[in-house]
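Its first residue numbered 42, the sequence shown is counted upward by one per residue in our numbering.
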Amino acid sequence: MNGRLLELHSVNDTRTIEPHNHNKHNYRLAKLLTHLDFKTQPSHTYLEIHAIKTSTPTTSPKEDISTKWREIHGSTDYENLIEPLQPWVRREIVKYGEFAQATYDAFDFDSFSNNSGSCKYNPHKLFDMLDQSRNGYKVTNYIYAMTHVDFPSWLLKSHCSWSKDSNWMGYVAVSDDDETRRIGWRDIVVAWRGTQTPSKWVEDVKFKLKPIDKDDDGDQANSPHKDENGEEVSLTITGHSLGAAIALLNAYEAAVTIPGLPISVISFAGPRVGNIAFRDKLNRLGVKVLRMVGKQDVVPKVPLGIEYLDEHVDPLHMHKFDLGSFHSLETYLHLIDGFLSSNSSFREDARRDVALVNKGSGMLVDELRIPESWNQDLNKGLRLNSYGRWVVASREPEDIPPYLINDAITIHNLGRVLNV
Numbered sequence: 042m043n044g045r046l047l048e049l050h051s052v053n054d055t056r057t058i059e060p061h062n063h064n065k066h067n068y069r070l071a072k073l074l075t076h077l078d079f080k081t082q083p084s085h086t087y088l089e090i091h092a093i094k095t096s097t098p099t100t101s102p103k104e105d106i107s108t109k110w111r112e113i114h115g116s117t118d119y120e121n122l123i124e125p126l127q128p129w130v131r132r133e134i135v136k137y138g139e140f141a142q143a144t145y146d147a148f149d150f151d152s153f154s155n156n157s158g159s160c161k162y163n164p165h166k167l168f169d170m171l172d173q174s175r176n177g178y179k180v181t182n183y184i185y186a187m188t189h190v191d192f193p194s195w196l197l198k199s200h201c202s203w204s205k206d207s208n209w210m211g212y213v214a215v216s217d218d219d220e221t222r223r224i225g226w227r228d229i230v231v232a233w234r235g236t237q238t239p240s241k242w243v244e245d246v247k248f249k250l251k252p253i254d255k256d257d258d259g260d261q262a263n264s265p266h267k268d269e270n271g272e273e274v275s276l277t278i279t280g281h282s283l284g285a286a287i288a289l290l291n292a293y294e295a296a297v298t299i300p301g302l303p304i305s306v307i308s309f310a311g312p313r314v315g316n317i318a319f320r321d322k323l324n325r326l327g328v329k330v331l332r333m334v335g336k337q338d339v340v341p342k343v344p345l346g347i348e349y350l351d352e353h354v355d356p357l358h359m360h361k362f363d364l365g366s367f368h369s370l371e372t373y374l375h376l377i378d379g380f381l382s383s384n385s386s387f388r389e390d391a392r393r394d395v396a397l398v399n400k401g402s403g404m405l406v407d408e409l410r411i412p413e414s415w416n417q418d419l420n421k422g423l424r425l426n427s428y429g430r431w432v433v434a435s436r437e438p439e440d441i442p443p444y445l446i447n448d449a450i451t452i453h454n455l456g457r458v459l460n461v
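1) Check each candidate in 186, 420, 134 and 442 and name the one with the smallest Cα separation from residue 115.
2) Within this structure, are the beta carbons of residue 179 and residue 168 separated by less than 9 Å?
3) Along the chain, where does the alpha helix (DSSP H) containing residue 138 start, and where does it finish?
4) Relative to the C-alpha of residue 295, which residue among 278, 285, 307 and 282 is closest?
5) Could you have a look at residue 178 and say whether DSSP puts it in helix, strand or coil?
6) Run the CB neighbour count on residue 428, radius 10 Å, all protein chains shown included, and call it buried at 16 or more, exposed below.
7) Go ahead and pull the three-state DSSP assignment for residue 104.
8) Provide the residue span of the alpha helix (DSSP H) that contains residue 317, from first to last.
9) For residue 341, does the count of other Cβ atoms within 10 angstroms reach 16, so buried, or fall short, so exposed?
10) Looking only at its own chain, which residues have a Cβ that is under 7 Å from the Cβ of residue 130, when we skip the five neighbours before and after it?
11) When DSSP labels each residue in this structure, what does residue 422 get in the three-state scheme?
12) When we look at the beta-carbon of residue 219 and count the other beta-carbons within 10 Å, is it buried (16 or more) or exposed?
13) My understanding is that residue 9 touches residue 209, with C-beta atoms under 8 Å, so please give their C-beta distance in whole angstroms.
14) Output yes or no for whether 9 Å exceeds the beta carbon distance between residue 397 and residue 282.
15) Nearest to residue 286 by CA position, among 367, 233 and 118, is which residue?
16) Run through the DSSP bridge pairs and tell me what residue 440 is partnered with.
17) Is the separation between the beta-carbon of residue 306 and that of residue 326 shorter than 9 Å?
18) Please go through the same chain and pick out, in chain order, the residues whose beta-carbon is closer than 7 Å to the beta-carbon of residue 173, but skip the five residues on each side of it.
19) Which residues in the same chain have their Cβ closer than 6 Å to the Cβ of residue 137, if we skip the five residues on either side of it in sequence?
20) Tell me whether residue 124 sits in a helix, a strand or coil according to DSSP, three-state version.
21) If I measure Cβ to Cβ from residue 311 and keep anything under 6 Å in the same chain, skipping five residues before and after, which residues do I get?
22) Rounded to whole angstroms, what's the CA-CA distance from residue 224 to residue 425? Just pull it up for me.
23) Would you check if the distance between the CB atom of residue 303 and the CB atom of residue 339 is smaller than 9 Å?
24) Name, in chain order, the residues that DSSP records as bridge partners for residue 110.
25) Just to check my reading of the structure: residue 212 and residue 163 have Cβ atoms closer than 8 Å, yes? What is that Cβ distance to the nearest angstrom?
26) Which of the three DSSP states is assigned to residue 330 in this structure?
27) To the nearest angstrom, how far is the alpha carbon of residue 328 from that of residue 292?
28) Here's a check: name, in chain order, each residue in its chain whose Cβ is nearer than 7 Å to the Cβ of residue 367, leaving out the five neighbours to either side.
29) Any idea which residues DSSP pairs residue 228 with across the strands?
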């Protein structure tokens, strides 16, 4: 596959390496960044830094990249874009990472919920509820997976009849007119949800190599592909962990199905997928891959892999062994946001909110006074009804998946009768 592997080394570092074809143009973040040292900061310095950060915007102004869109899709195999990391490239990588993060933030993990395993919001509300509308995309479709299609025990099961074997796995979004003008093409994004913890990944996900159809072979170039309106269209597939692996397989299928469509994969914390023959097939199909992995993250080593992200360069991180936090997508995005080059420390003007690192982990130093795993539903999804009893809150009908609508409306109406 034509691509690079972006290795993030602690909060400062992000880099890219070609996943399978290691040559002189490849960058090894693990090697480039391990020589960097940091000095322990006094507590008052942490607080001063955090005070400054809380009074600044979390995003940089968007710039017109309409003349550069082929580069983000790997037309130059990301040459001169990573070392140093170009600001516009950083923003685009973070944007796609946030699309992947949305699959976690909107997923109903609550095993007590009647809608467990589904998305908490309908497609029209998803980005608004997650503060993602600023990225200029609109959700068009949701993606679901069945447990009998190689997605075993980690799938959460709803109590409702239809969906006992189904889970929400991601979504499709399309850039709106303003964003399309800014980036230079109509971008279709497919975001896949993964598994959050390495233990679940290793326990439940067992990939087996399967032969690919030789009839699908053929050379494909990323020549302009236009829709019925004459607009240039591209496909960007993103995901984290298992979602990163699925993204690569999705890219292959899309490249075979739609010859000539520019397709790129921007993935986070994913394992190696396929063998040399699969890599060569992706190369011929013109699929471009930018893969981010972390040094302390075990998932990119399953089943193969030697590239890693190093968390230890960031002075705001607690230096403790925490597999789940090393694998967290929010940790990855924080590292990317702070990286400048292999010879630079974490950039002082990094914009992304550092509190997001502790959304589901406890990696930040205590001096920042940001609690561990602070992101949770109010009262863990319970609310007080008019009788003074704590009950599981029901969703609004518009946020209930269509396939659950009959069961859910019955439950919703029952709740109204009982004044829940």
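Note that beta-carbon positions come from the ideal geometry of N, C-alpha and C, so glycine has one too.
Inspection of the coordinates gives the following:
1) Locating residue 115 in the sequence shown gives position 74, where the first residue counts as 1. Nearest C-alpha to residue 115 among 186, 420, 134 and 442: 134.
2) Within the sequence shown, numbered from 1, the residue matching residue 179 stands at position 138. Within the sequence shown, numbered from 1, the residue matching residue 168 stands at position 127. Yes. Within cutoff.
3) Sequence index remark: in the sequence shown, residue 138 carries index 97 (1-based). Segment 128-146, the alpha helix (DSSP H) holding residue 138.
4) The count along the sequence shown starts at 1 and reaches residue 295 at position 254. Answer by Cα proximity: 278.
5) Numbered from its first residue, the sequence shown carries residue 178 at position 137. Of the three classes helix, strand and coil, the one that applies to residue 178 here is strand, per DSSP.
6) By one-based count along the sequence shown, residue 428 stands at place 387. It counts as exposed.
7) In the sequence shown, the residue the question calls residue 104 occupies position 63. Reduced to three states, the DSSP call for residue 104 is coil.
8) Stepping through the sequence shown from its first residue, residue 317 is reached at position 276. Where residue 317 is concerned, the enclosing alpha helix (DSSP H) stretches over 317-326.
9) Translated into positions along the sequence shown, residue 341 becomes position 300. With 16 or more Cβ atoms within 10 Å of its Cβ, residue 341 is classed as buried.
10) Mapped onto the sequence shown, residue 130 falls at position 89. Taken in chain order, the residues that qualify are 113 and 122.
11) Working through the sequence shown from its first residue, we reach residue 422 at position 381. Looking at residue 422 - three-state DSSP - the assignment turns out to be helix.
12) To locate residue 219, count along the sequence shown from 1; it is residue 178. It is exposed - the Cβ of residue 219 has fewer than 16 other Cβ atoms within 10 Å.
13) Nothing can be reported for residue 9: it is not among the residues displayed for the chain, which extend from 42 to 461.
14) What you label residue 397 is simply residue 356 of the sequence shown in a count that begins at 1. What you label residue 282 is simply residue 241 of the sequence shown in a count that begins at 1. Contact flag unset, no.
15) Within the sequence shown, residue 286 is the residue found at index 245, counting from 1. When only C-alpha atoms are compared, the closest one is 233.
16) One-based indexing of the sequence shown puts residue 440 at position 399. Answer is none; residue 440 lacks a bridge partner.
17) Numbered from its first residue, the sequence shown carries residue 306 at position 265. Numbered from its first residue, the sequence shown carries residue 326 at position 285. No, they are not a contact pair.
18) For the purposes of this step, residue 173 is taken as the residue at position 132 of the sequence shown. Once the five neighbours on either side are set aside, the close Cβ partners of residue 173 are 139 and 143.
19) Within the sequence shown, residue 137 is the residue found at index 96, counting from 1. Cβ within range, chain order: 279 and 307.
20) Taking the sequence shown and counting its residues from 1, one reaches residue 124 at position 83. Of the three classes helix, strand and coil, the one that applies to residue 124 here is coil, per DSSP.
21) Here residue 311 refers to the residue found at position 270 of the sequence shown. Same-chain partners within the cutoff: 285 and 286.
22) Residue numbering aside, residue 224 sits at position 183 when the sequence shown is read from its first letter. Residue numbering aside, residue 425 sits at position 384 when the sequence shown is read from its first letter. Roughly 47 Å between the two C-alpha positions.
23) Reading the sequence shown from its first residue, position 262 is the one you call residue 303. Reading the sequence shown from its first residue, position 298 is the one you call residue 339. Going by C-beta atoms, residue 303 is not nearer than 9 Å to residue 339.
24) In the sequence shown, the residue the question calls residue 110 occupies position 69. In DSSP, residue 110 forms no bridge with anything.
25) Position 171 of the sequence shown holds residue 212. Position 122 of the sequence shown holds residue 163. Their Cβ separation, rounded to whole angstroms, is 11 Å, which puts residue 212 and residue 163 out of contact at 8 Å.
26) The residue given as residue 330 occupies position 289 in the sequence shown. Correct three-state label for residue 330: strand.
27) In the sequence shown, residue 328 corresponds to position 287, counting from 1. In the sequence shown, residue 292 corresponds to position 251, counting from 1. C-alpha separation (whole angstroms): 7 Å.
28) The count along the sequence shown starts at 1 and reaches residue 367 at position 326. Excluding positions up to five away in sequence, the list reads 335, 337, 338 and 352.
29) As a working note, residue 228 is residue 187 in the sequence shown. According to DSSP, residue 228 bridges with 275.
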